[in-house]
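**Q** Before I ask anything, let me first share the structure, which is written out below as C-alpha cells.
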Amino acid sequence: MLINGAAGAIGTFAVQMAKRMGAHVTGVCSTGNVERVRALGADAVVDYTKTDFTRAGETYDVIFDAVGKSSYRQAKKALTPTGKYLTTVLGNNILGNMLWTKIAGGKRAIFDATGLKQTRDKLETLANWVAEGELKSVVDRTYTLDQMQEAHAYVDTGHKRGNIVISMTIATQA
1310 MLINGAAGAI GTFAVQMAKR MGAHVTGVCS TGNVERVRAL GADAVVDYTK
1360 TDFTRAGETY DVIFDAVGKS SYRQAKKALT PTGKYLTTVL GNNILGNMLW
1410 TKIAGGKRAI FDATGLKQTR DKLETLANWV AEGELKSVVD RTYTLDQMQE
1460 AHAYVDTGHK RGNIVISMTI ATQA
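Below, the structure written as C-alpha cells:
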C-alpha cells in the first residue's frame, strides 16, 4: 500500500492503521518528514521532492491519496492490474473515473470520505488501538482560538506535519 501525504493528519493515521492491519506500507512525503514517516512504521518512504512515485516503477495494490495531490489518471500506472486508487478529495475527475472503472473492471478509482463508513465495531477497534498505544496522534502545532486565522494559513501551506490543535479556554461561572 502506498500512502501519498503520509506525514499529514490523515496520512499519519493511515500509515499506523495499515501497518497494524499487516500491510507493507510505502509513505510519500517531503524530505523533512522522511524520518517521521519511518517512525510511524512505514516500510519504505518516497521523498516526493526527489522521486515521483507514479514514475518510480513500483506497483501497489492500493494507493491512498490522503491529501489530493495526485489523481487516478497519474497514479494508475503505479497500480497492480486489480489495484485500487483511494482519495479523500471529491471532484469531477474522481467521479468520472469511479464510474468508468466500475464498468471497465480491473484497476479502480474510489472516493472515500474518512468516517462515513465507520461502524461502532470499527470505532471501538480504533479506540482500543489508541488505548494500547498502537495508534498515536501526531500534533504539529497548537494554536489558541484567537489564532484561528494563523492556523488556517499554516494548514493552507500544505506542509503541516500531522494535526493542528486549536485550544480553547472555557470560562466557568462561580
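Start counting at 1 in the sequence shown, then tack on 1309, and there's your number in our numbering.
Ideal placement from N, C-alpha and C gives every residue a C-beta, glycine not left out.
Here the structure is a predicted model, which is why all the values come from computation and not from measurement.
Which residue marks the beginning of the alpha helix (DSSP H) containing K1411, and which one marks its end?
**A** Here the alpha helix (DSSP H) through K1411 covers 1401-1413.
**Q** Just confirm the distance between the C-beta atoms of V1355 and R1347, as a whole number of angstroms; I'd bet it's less than 8 Å.
**A** Contact flag wrong, Cβ pair sits at about 12 Å.
**Q** With burial defined as no fewer than 16 other Cβ atoms inside 10 Å of the residue's Cβ, what is the status of V1295: buried or exposed?
**A** Since the first residue shown for the chain is 1310 and the last is 1483, residue 1295 is missing from the structure and cannot be characterised.
**Q** Let me know if N1406 comes out buried or exposed under the rule of 16 or more other beta-carbons within 10 Å of its beta-carbon.
**A** Under this definition N1406 is a buried residue.
**Q** How about A1281 and A1332: do their beta carbons lie closer than 9 Å?
**A** There is no way to answer for residue 1281, as the model of the chain reaches only from 1310 to 1483.
**Q** Can you give me the C-alpha to C-alpha distance between T1325 and L1408, rounded to a whole angstrom?
**A** For the record, residue 1325 in the displayed sequence is Gln; it is not Thr. Rounded to the nearest angstrom, the two C-alpha atoms are 30 Å apart.
**Q** On the three-state DSSP scale, how would you describe L1444?
**A** L1444 falls in the coil class under three-state DSSP.
**Q** Measure the Cβ-Cβ separation of A1351 and G1336 and say whether it is below 9 Å.
**A** The answer is yes: Cβ separation under 9 Å.
**Q** Using alpha carbons as the reference points, say which of E1441, M1330, A1440, D1374 lies closest to I1319.
**A** Checking every option, the nearest Cα to that of I1319 belongs to D1374.
**Q** Terminal residues of the continuous alpha helix (DSSP H) containing T1396?
**A** Unbroken run through T1396 is the beta strand (DSSP E), 1388-1396; no alpha helix (DSSP H).
**Q** If you count every other CB in all the chains shown that lies within 10 Å of the CB of G1414, and 16 or more means buried, which is it?
**A** Exposed, since its Cβ has fewer than 16 Cβ neighbours within 10 Å.
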